[in-house]
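Numbering-wise (my numbering), the sequence shown opens with residue -13 and increments by one.
Ideal Cβ positions, reconstructed from N, Cα and C, are used throughout, including at glycine.
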Amino acid sequence: MDKMNKTGGEGAPDSSSQSRQSTLSISVLMAFALPSFVGSLMQGPTGGILTGIYAKHFGLSLSLIATVMLVCRLFDAFTDPLIGYLSDRTRSRFGRRKPWIVAGTALTIPAVYLLYAPPEGIGGTYFLVFYSLAFLAWTMTEIPTTAWFTELTGDYTDRARIVTYRTVVALIGALAFLAVPQLPIFETTEMTPEVLRFVAICVAFLLPVAVAIAVFKVPNGAVVGSAEPTSMRDLWASLKVNRPFQIFCLVFAVGGMAGGMNGALFFLYMDTHLLLGDKISLLLLPGVLLTLLAMPLWLAIIKKYGKQRAWATGAAISAVIGPLIVLLDPGPDALIPVLILSSFATLAGGAVAVAPAAMLADVIDYDILKSGSSRAGSFFAVFTLLAKANVALGGALAFIIIDLFGYDATSKVHSSTEVFGMNLAYVFIPTLLFLPAIWLIWHFPIDERRQSIIRRRIESLAERAARREADSETP
């Protein structure tokens, strides 16, 4: 454990003082969260809207879209762990994470524009190339950013505060995205290719500014544990014995599949089944506003009952509310019931937005205690890969199911067989998958008490190692 003494490999403050700091300044929290506004504005279309538009307006078949999503995840299987691993190994005057975030931002701008503003007559190859390129760019920023926040503080509640700030700012970005179709420059309030083009232009101007503020305002953070590079073999060996991480990944293997199915079909379900395509922004808006208002409540619940209890409760509420949508008949009369259901489901999702990232930071502390190495980037990369893979698999499975039932995405009149296939893929299967995930979350092994013990042991080992090193250097 002698390598535990290297806690300030980037000129960061000592880990013990860092972890005892109970709060981070609001200006630092806001600067760190600011890129999430643009990220949410930018990634708003990817939750089913982008694929729906490519199917509806550009004529790509559902099976082709499913294939592209799977191929893209295979590409991620190589790039995600590589970026996390290289981020952990990066050494620069700007720290380990910031160079990757800047590089990812530079790639994001052209990739997003070409994906969101395609020329006429594009096909599957175009969609595959720029879908993959955009996700690569987002990976280059998101994995280092999530690893970065674990190094800003070791406090159980402060980590939840950081994620809460990011989530609130991201929700404001989501509101901005939902407001775009309502602008008078568009002929309709529907989600159209013109809306995506406008979003891409906004991203090109806003993202560099937001990232620059974060990079220059927010410190690098403390590296607790060894900052020396570790091999992929050591990383893999550590993953195999890290039971909390395995449970965490299992939750997302099951829940991610469910979320992927639900998210991929949202646009088509609302537009081509319930015939509310011109009301999609309105459907999402109240839920986002309620979630913003509820974030202090969820943070208070986390402080009182723990992250896993809050997460499980939010997920359970969503699982109960979701299936009620199948009771609605298509048409204008469905608008108010859908507004109510989606608002409560999104409100409950506030816990799902905050708790997981903060819990994964605690899991990384467990790895630091066991291995003595700081590998947050690699852990977040493996987790991100698994989460994206299961979301993509869920989305691909959803498209395959509705395709098997003959669902026509270009039509607004469907047979009972088509409707059953849509409900099966959008509602019934995801709900069944959520149930075991909720049980696993509720019984997650690292709570606030255990995380505090882990942090104290890490700091104690680091202090003893530092004293031994100082004694050995004394003549």
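Residues of its chain near residue i, where Cβ-Cβ distance is below 6 Å and the 5 sequence neighbours each way are ignored
i	result
phenylalanine 135	Ile148
arginine 443	Leu355
leucine 418	none
phenylalanine 231	Val349
alanine 162	Leu27
arginine 450	none
Assumed close pair residue i, residue j - CB separation to whole angstroms, cut-off 8 Å
i	j	result
valine 338	alanine 301	6 Å
arginine 183	tyrosine 291	Not a contact, Cβ separation roughly 45 Å.
isoleucine 311	valine 324	7 Å
aspartate 389	serine 49	6 Å
alanine 146	isoleucine 288	5 Å
leucine 379	valine 274	In fact, because the Cβ distance is near 27 Å, the residues do not count as touching under 8 Å.
glycine 34	glycine 249	5 Å
methionine 345	phenylalanine 430	7 Å
glutamine 168	serine 267	6 Å
Proximity to residue i [Cα-Cα], best of the options
i	options	result
isoleucine 354	Val227, Phe406, Met281	Val227
threonine 403	Arg59, Asn248, His259, Phe172	His259
leucine 284	Ile415, Ala162, Thr143, Asn206	The sequence as given places tryptophan at residue 284; leucine does not occur at that position. Among Ile415, Ala162, Thr143, Asn206, the Cα nearest to that of tryptophan 284 belongs to Thr143.
isoleucine 95	Gly38, Phe121, Thr53	Phe121
glycine 471	Arg145, Ala123, Ala52	Past the edges of the chain, shown from -13 to 461, lies residue 471, and the structure says nothing about it.
proline 416	Val306, Leu161, Gly45	Val306
phenylalanine 238	Ala190, Pro422, His43	Pro422
alanine 123	Gln29, Pro167, Val204, Leu410	Gln29
leucine 251	Leu192, Ala41, Ala347, Ile12	Ala41
threonine 37	Phe113, Tyr71, Trp86	Phe113
cysteine 58	Pro85, Asn376, Arg453, Ala296	Asn376
alanine 156	Arg450, Ser364, Gly407, Gly336	Gly336
aspartate 62	Ile87, Val399, Leu372	Leu372
alanine 343	Phe234, Ile199, Lys265, Asp264	Phe234
isoleucine 326	Leu271, Ser359, Ser364, Glu173	Leu271
phenylalanine 330	Lys374, Ala198, Leu313, Leu279	Leu279
isoleucine 87	Arg453, Ser11, Pro194, Ala286	Pro194
glycine 110	Leu46, Leu236, Ala286	Leu46
Residue burial classification, residue i (beta-carbon count within 10 angstroms, cutoff 16)
i	result
alanine 74	Before going further, note that residue 74 is aspartate rather than alanine in the sequence given. Buried, by the Cβ-count rule.
leucine 447	buried
glycine 392	exposed
arginine 83	buried
phenylalanine 23	buried
arginine 77	exposed
phenylalanine 202	exposed
serine 397	exposed
aspartate 315	exposed
aspartate 319	exposed
glutamate 445	buried
proline 104	buried
phenylalanine 191	exposed
valine 240	buried
isoleucine 478	Limits of the chain in this structure are -13 at one end and 461 at the other, which puts residue 478 out of reach.
arginine 453	exposed
Residues of its chain near residue i, where Cβ-Cβ distance is below 7 Å and the 5 sequence neighbours each way are ignored
i	result
arginine 361	Asp74, Thr216, Leu221, Asp353
alanine 298	Ile424, Ile427, Trp428
glycine 317	Leu261
valine 204	Val14, Ala17, Phe18
glycine 263	Glu176, Met256, Asp257
leucine 321	Leu262, Lys265
isoleucine 108	Phe44
Under 7 Å between C-beta atoms of residue i and residue j
i	j	result
glycine 242	serine 26	no
serine 357	serine 224	yes
threonine 370	isoleucine 69	no
methionine 276	leucine 333	In the sequence as displayed, the identity of residue 276 is leucine instead of methionine. Cβ atoms of leucine 276 and leucine 333: closer than 7 Å.
phenylalanine 366	threonine 132	yes
alanine 186	tyrosine 255	no
alanine 411	isoleucine 387	yes
methionine 177	glycine 381	no
arginine 441	glycine 140	yes
histidine 43	proline 170	no
proline 21	valine 368	no
valine 474	proline 309	The question about residue 474 has no answer, for the chain in this structure spans -13 to 461.
phenylalanine 420	alanine 244	yes
valine 181	valine 166	yes
valine 197	threonine 91	yes
lysine 374	alanine 341	no
serine 473	tyrosine 71	Coverage of the chain is limited to positions -13 through 461, which leaves residue 473 absent and any answer about it impossible.
leucine 138	glycine 81	no
Close-in-space but distant-in-sequence residues of the same chain around residue i (CB under 8 Å, 5 per side omitted)
i	result
alanine 89	Met126
serine 401	Gly392
alanine 347	Phe135, Thr136, Arg145, Ala362
Any non-hydrogen atom of the ligand SAH within 6 Å of residue i CB
i	result
glycine 109	Only the bare structure without any ligand can be found here, which leaves the ligand SAH out of the picture.
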